[in-house]
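Residue numbers (the numbering used here): 14 to 396.
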Amino acid sequence: MKNFSWQLPSKIYFGNGESKKVADRVNELGGSKVLLVTDRGLEQIGLPDQIKTMLLDASIEVEVFNEVKPDPTVEVVESGVKKAKDFGCDTLIGLGGGSSIDTAKAIGMMITNGGEVSDYWGNPPKNKPLPMIAIPTTAGTGSEVTFVTVIKDTKKKVKMGVGYSPQMAPDIALCDPELTVSAPSHITAFTGLDALTHAVEAYTNTKHDPVSDIFALKSIELIGKYLRLAVANGDNMEARYYMLLGNLLAGASFANKLLGIVHAITSPMGGYCDAPHGAVNAILLPHAMKFNYIGNPEKFADVAEAMGENVVGMTDLEAAQQSIIAVQQLSRDVNLPSGLSKVGVKEEDIEDICNAAMSNVNIAINPRKPGVEDLIAICKAAM
Ligand SMILES: [Fe+2]
């Protein structure tokens, strides 16, 4: 019965075909010159062009910035800021996976605040970023509703959580499940397991509250039910719809209530290797759960039940252990690589990564208090 506060600043439009009303959404924000932030992979399948045509048909000017790559860097953000300023855009659209949305968030923040991207590492910007619409094409990061953007500083080997504040949330999250059909099965798997990690960590950490519990538990249920179907058959629209919804609910939960040791570790780990964020999270998740479940067996038992496990007659401890088995089985079913070494993490970096992880904001709210030796043991077990 704790006191709590909760907010979801982004206005959400959700459903099949919603992206076709993108011009209405730009008009809603009062925009007339849009910078469309995306990547070349999506350009190849024509998605940015379709959005651009819809905007031009509504007499809205558009420029496309297509330089986004996975794990967007400071340099990419700076290039986008230059393009946005040269064009004089008044509205941003981030179209793509979390990388495109995060890049657009960072560009919008830099334009209205100035300075260096690293100035906002862990710090809120003074001024509200440019008006922005996020259009996700994967069901994973939840960046369309979160209060932070993750930008990599390649020279310092760190992934920075930039801007921490509700005003970093996109003004509009335009969530159209039809746009996620183009995601290949391995991306669907990794991003879906990232969303599951968000939901499990937000549900079980000590900062959780009754609202985040409802969102996160429903998210776990949806991902447990639909991720296999979306991976097995990418044009299963029911699976795509509920995966995008599960991702949204997880994003809203962790935007408000943060995460746990998995993200504490993968945040610095992302600076040391180019492994997909979702894959490293998912590989670590069952190992972290093994460490964490004695900190709150009741909540991990709920995770097992939400994932469809039959826990009737089990004690909380037994059911909590079942949640680990359920996550491992889901990961195997969607072909997650079996260890961190398979995705480019090097054993010799683990100590440095775990030392850096100890100062992450998610350590203090983890369900079980970890020491650096615990994090190292978790990573080694996951190699
Ligand atoms: Fe994540």
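Each residue gets a CB set at the ideal place from its N, CA and C atoms; glycine is no exception.
_Contact defined as beta carbons within less than 8 Å: I believe residue 23 pairs with residue 158. What is the distance between those atoms, to the nearest angstrom?_
Against the sequence shown, residue 23 aligns to sequence position 10. Against the sequence shown, residue 158 aligns to sequence position 145. Residue 158 and residue 23 do touch by the CB rule: their CB atoms are close to 5 Å apart, below 8 Å.
*asked:* Closest to residue 147 by C-alpha separation, out of 170, 187, 47, would be which residue?
replied: What you label residue 147 is simply residue 134 of the sequence shown in a count that begins at 1. It is 187 whose Cα lies nearest to the Cα of residue 147.
Query raised in the report: Which residues in the same chain have their Cβ closer than 7 Å to the Cβ of residue 385, if we skip the five residues on either side of it in sequence?
Result: By one-based count along the sequence shown, residue 385 stands at place 372. Once the five neighbours on either side are set aside, the close Cβ partners of residue 385 are 367, 368, 371.
Notebook entry, point to check: If we ignore side chains and look at the alpha-carbon of each, how far apart do residue 216 and residue 91 end up?
Noted result: Translated into the one-based positions of the sequence shown, residue 216 becomes position 203. Translated into the one-based positions of the sequence shown, residue 91 becomes position 78. Near 36 Å, if we compare the C-alpha coordinates of residue 91 and residue 216.
Check: From residue 119 to residue 53, what does the alpha carbon distance come to, in whole angstroms?
Finding: On the sequence shown, position 106 is the one that residue 119 refers to. On the sequence shown, position 40 is the one that residue 53 refers to. Answer to the nearest angstrom: the Cα atoms are 19 Å apart.
* May I ask you to list the residues that DSSP assigns as paired with residue 149? => By one-based count along the sequence shown, residue 149 stands at place 136. BP columns for residue 149 point to 109.
| said: Is it the case that the region 258 to 267 contacts the region 341 to 360, given that we only count it when at least three CB pairs across the two stretches are under 8 Å? | reply: They do not touch, by the three-pair rule.
For ligand 1, is there any heavy atom lying closer than 7 Å to the beta carbon of residue 309?
Locating residue 309 in the sequence shown gives position 296, counting from the first residue. Not one heavy atom of ligand 1 falls within 7 Å of the beta-carbon of residue 309.
Check your understanding: Do you know how far the Cα of residue 327 is from the Cα of residue 68?
Key -> For this step, residue 68 is matched to residue 55 along the sequence shown. For this step, residue 327 is matched to residue 314 along the sequence shown. Each residue's Cα considered, the two are about 56 Å apart.
Nearest residue (CA-CA) to residue 16, options 222, 277, 229, 330 | As a position in the sequence shown, residue 16 is number 3, starting the count at 1. Among 222, 277, 229, 330, the Cα nearest to that of residue 16 belongs to 222.
- Boundaries (first-last residue) of the beta strand (DSSP E) holding residue 174: Translated into positions along the sequence shown, residue 174 becomes position 161. Residues 171 to 175.
Taking the beta carbon of residue 154 as the centre, do at least 16 other beta carbons fall within 10 Å, making it buried, or is it exposed? Position 141 of the sequence shown holds residue 154. Buried is the call here.
* Asked: Got a sec, what are the start and stop residues for the beta strand (DSSP E) residue 26 sits in?
  -> For the purposes of this step, residue 26 is taken as the residue at position 13 of the sequence shown. Residues 24 to 27.
Exercise. Does the separation of the CB atoms of residue 396 and residue 353 fall below 8 Å?
Worked result: Taking the sequence shown and counting its residues from 1, one reaches residue 396 at position 383. Taking the sequence shown and counting its residues from 1, one reaches residue 353 at position 340. Contact flag set, yes.
| field | 8 Å Cβ shell around residue 1 - same chain, five flanking residues per side excluded | value | Coverage of the chain is limited to positions 14 through 396, which leaves residue 1 absent and any answer about it impossible.
What number of angstroms, rounded off, separates the C-alpha of residue 57 from the C-alpha of residue 194? For the purposes of this step, residue 57 is taken as residue 44 along the sequence shown, with counting starting at 1. For the purposes of this step, residue 194 is taken as residue 181 along the sequence shown, with counting starting at 1. Answer to the nearest angstrom: the Cα atoms are 15 Å apart.
Report task. My understanding is that residue 51 touches residue 89, with C-beta atoms under 8 Å, so please give their C-beta distance in whole angstroms. Result -> As a first step, residue 51 must be located in the sequence shown, where it is residue number 38. As a first step, residue 89 must be located in the sequence shown, where it is residue number 76. The Cβ separation is near 12 Å, so there is no contact.
| request: Have a look at the DSSP bridge pairing and note the partners of residue 52. | output: Your numbering for residue 52 matches position 39 in the sequence shown. In the DSSP output, where bridge partners are listed per residue, residue 52 has 80.
Requested in this report: Report whether the distance from the Cβ of residue 210 to the nearest heavy atom of ligand 1 is below 7 Å.
Outcome: Translated into the one-based positions of the sequence shown, residue 210 becomes position 197. At least one heavy atom of ligand 1 is nearer than 7 Å to the Cβ of residue 210, so yes.
Looking at residue 294 and ligand 1, is the gap between the Cβ and the nearest heavy atom below 7 Å?
-> Position 281 of the sequence shown holds residue 294. A heavy atom of ligand 1 is found nearer than 7 Å to the CB of residue 294.
Residue burial classification, residue 71 (beta-carbon count within 10 angstroms, cutoff 16): Numbered from its first residue, the sequence shown carries residue 71 at position 58. So residue 71 ends up on the exposed side.
N- and C-terminal bounds of the alpha helix (DSSP H) containing residue 15
Here the question's residue 15 lines up with position 2 in the sequence shown. Unbroken run through residue 15: none, as it is neither H nor E.
Alpha helix (DSSP H) runs wholly inside the region 309 to 359, at least 4 long, in chain order:
310 to 319, 329 to 346
Segment contact, 8 Å Cβ cut-off, at least three pairs: the region 328 to 340 with the region 267 to 279
no
field: Beta-carbon proximity list for residue 165, same chain, < 6 Å, skipping 5 on both sides
entry: The count along the sequence shown starts at 1 and reaches residue 165 at position 152. For residue 165, same chain residues with a beta-carbon under 6 Å away, outside a window of 5 residues either side, are 84, 86, 172 in chain order.
My assumption, with CB atoms under 8 Å, is that residue 48 sits in contact with residue 97. Please give the rounded CB distance. Working through the sequence shown from its first residue, we reach residue 48 at position 35. Working through the sequence shown from its first residue, we reach residue 97 at position 84. Contact flag correct, Cβ pair sits at about 5 Å.
Exercise. Just how far apart, CA to CA, sit residue 106 and residue 323?
Worked result: Working through the sequence shown from its first residue, we reach residue 106 at position 93. Working through the sequence shown from its first residue, we reach residue 323 at position 310. In a straight line, the C-alpha of residue 106 is about 43 Å away from that of residue 323.
On the CB-based measure, 16 or more other CB atoms within 10 Å of its CB, does residue 167 come out buried or exposed? In the sequence shown, residue 167 corresponds to position 154, counting from 1. It counts as exposed.
Q. Any chance the region 199 to 210 sits against the region 294 to 306, with 3 or more Cβ pairs inside 8 Å?
A. yes
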